[in-house]
Amino acid sequence: MWRPPMRASWPLDGPAVEMPFMKSNRHQEKELQTCLKALHSSTLTNQRLRKQTSKALRILHLKKRKLKASAANYQMLTSVGLKMAMRCQLLQTT
Numbered sequence: 007m008w009r010p011p012m013r014a015s016w017p018l019d020g021p022a023v024e025m026p027f028m029k030s031n032r033h034q035e036k037e038l039q040t041c042l043k044a045l046h047s048s049t050l051t052n053q054r055l056r057k058q059t060s061k062a063l064r065i066l067h068l069k070k071r072k073l074k075a076s077a078a079n080y081q082m083l084t085s086v087g088l089k090m091a092m093r094c095q096l097l098q099t100t
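Position one of the sequence shown corresponds to residue 7 (the numbering used here), numbered consecutively onward.
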């Protein structure tokens, strides 16, 4: 079923739409941890791996923007992002 793209500028008169940038920090942390656990699983198919990776990277990007990340947070977020990117490259080449 086709859905229109979610936009922040839309009026909120329709049914409640969960937008990723409106989620709480705790929810984002939990979602990120779930993604990372899934990425470390060796049973992922390539399609599922790409989906989990893009989801985790989206959360990392939102968190970085939201926090205007302190140095330690920024370093942690970028190192996680780099590890995921390297893992994807390894899986694509094998």
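We put the CB at the ideal spot given by N, CA and C, even for glycine.
Remember, predicted model here, so these are calculated numbers, not experimental data.
Residue i burial status per 10 Å Cβ neighbour count (16 or more: buried)
{"i": "Q58", "result": "buried"}
Three-way DSSP call (helix, strand, coil) for residue i in this model
{"i": "A75", "result": "A caution first: A75 carries a pLDDT of 49, below 50, which makes its placement in the model unreliable, though a value can still be read off. DSSP places A75 in coil when its eight states are reduced to three."}
Pair within 9 Å by beta-carbon distance, residue i and residue j
{"i": "E37", "j": "K61", "result": "yes"}
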